[in-house]
Amino acid sequence: MEKTLVLLKPCTLQRGLAGEIINRFEKRGLRLAGMKMMQLTDDILNEHYAHLKDKPFFGMLKDSMMSTPVIACCLEGIEAVQTVRMMAGATNGRNAQPGTIRGDYCMSNQQNIVHTSDSPENAEIELKRFFKPEEIFDFTPSNLAYLYALDEL
Ligand code: UDP
Ligand code: MG
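Per my numbering, the very first residue in the sequence shown carries number 634; after that it's consecutive.
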């Protein structure tokens with residue numbers, strides 16, 4: 634089954650929303666396969682946000698991502714990458730649809746609650762960036778037969 638990375642950003646921890654956001658993913662039926670609080674560094678952010686290194690907001694973005702620890706989550710489900718990405722909504726919270734996480738919890742283009750992997754290829758790379766192999770746990774949810782039809786599994 635597919636795994637994806639979610640980072641609960643410093644704005645989420647500062648605003649006391651971490652539990653509420655994790656709860657949305659759990660309620661959707663995504664399995665928590667890994668979770669840890671960690672202080673990000675300039676090095677890991679240069680790698681993680683390499684696609685944005687020439688943007689004027691790059692420095693500010695890195696500073697905001699280092700302002701408190703983040704909570705990194707590995708979530709698993711069928712087509713988890715796309716599902717989690719759709720749950721997050723548009724990057725700019727002001728453009729995000731109500732019902733999405735960003736559309737329900739933020740008003741900012743930067744302080745936008747979560748990072749989510751944008752493709753299965755990037756999810757694999759990003760999970761290796763934030764988790765050691767032994768920090769990802771594979772177990773079968775006891776309600777699996779009620780989360781999916783047998784022909785989907
Ligand atoms: N970001 C920003 N200003 C912008 C665009 C993006 O501060 O104009 C920040 C924002 O926090 C976003 C992160 O950079 O989540 C990564 O940008 P990306 O385009 O990868 O968006 P995402 O995949 O998070 O929706
Ligand atoms: Mg992105």
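Think of the CB as a built atom: it goes at the ideal place given N, C-alpha and C, for glycine as much as any other residue.
Selection from the options that minimises the alpha carbon distance to residue i
i	options	result
V747	K636, M634 and I655	I655
R648	N745, F770, S775 and S750	N745
A723	T733, D771 and E757	T733
S741	T749, R727, P753 and S750	R727
M699	G710, E768, G662 and L641	L641
K695	N679, I758, A713 and N776	N679
D676	E712, A651, Y781 and R762	R762
P753	F691, T716 and L663	T716
A826	L685, R718, M693 and G692	Examination of residue 826 is not possible in this model, given that the chain is present from 634 through 786 alone.
H681	M668, I758 and K669	I758
A705	Q743, L783 and I769	I769
H684	D784, D751 and E785	D751
Check whether residue i and residue j have beta carbons under 7 Å apart
i	j	result
T701	P643	yes
C707	L760	yes
V639	L673	no
A729	T749	no
R664	E709	yes
G662	L780	yes
Cβ-based burial, residue i [other Cβ within 10 Å; buried from 16]
i	result
A666	buried
F658	buried
K688	exposed
I713	As written in the sequence, residue 713 is Ala, which differs from the Ile given in the question. Classification of A713: buried, given that the 10 Å Cβ count is 16 or more.
Y738	buried
T637	buried
F772	exposed
F690	exposed
L650	buried
DSSP bridge partner residues for residue i (one or two, in chain order)
i	result
G722	G722 is not bridged to any residue.
V703	M671
V747	L641
Inter-residue CB distance, residue i and residue j (contact presumed, cutoff 8 Å)
i	j	result
S775	Q743	Contact flag wrong, Cβ pair sits at about 39 Å.
heavy atom of the ligand FMN below 6 Å from residue i C-beta
i	result
D675	Among the ligands modelled here, namely the ligand UDP and the ligand MG, the ligand FMN does not occur.
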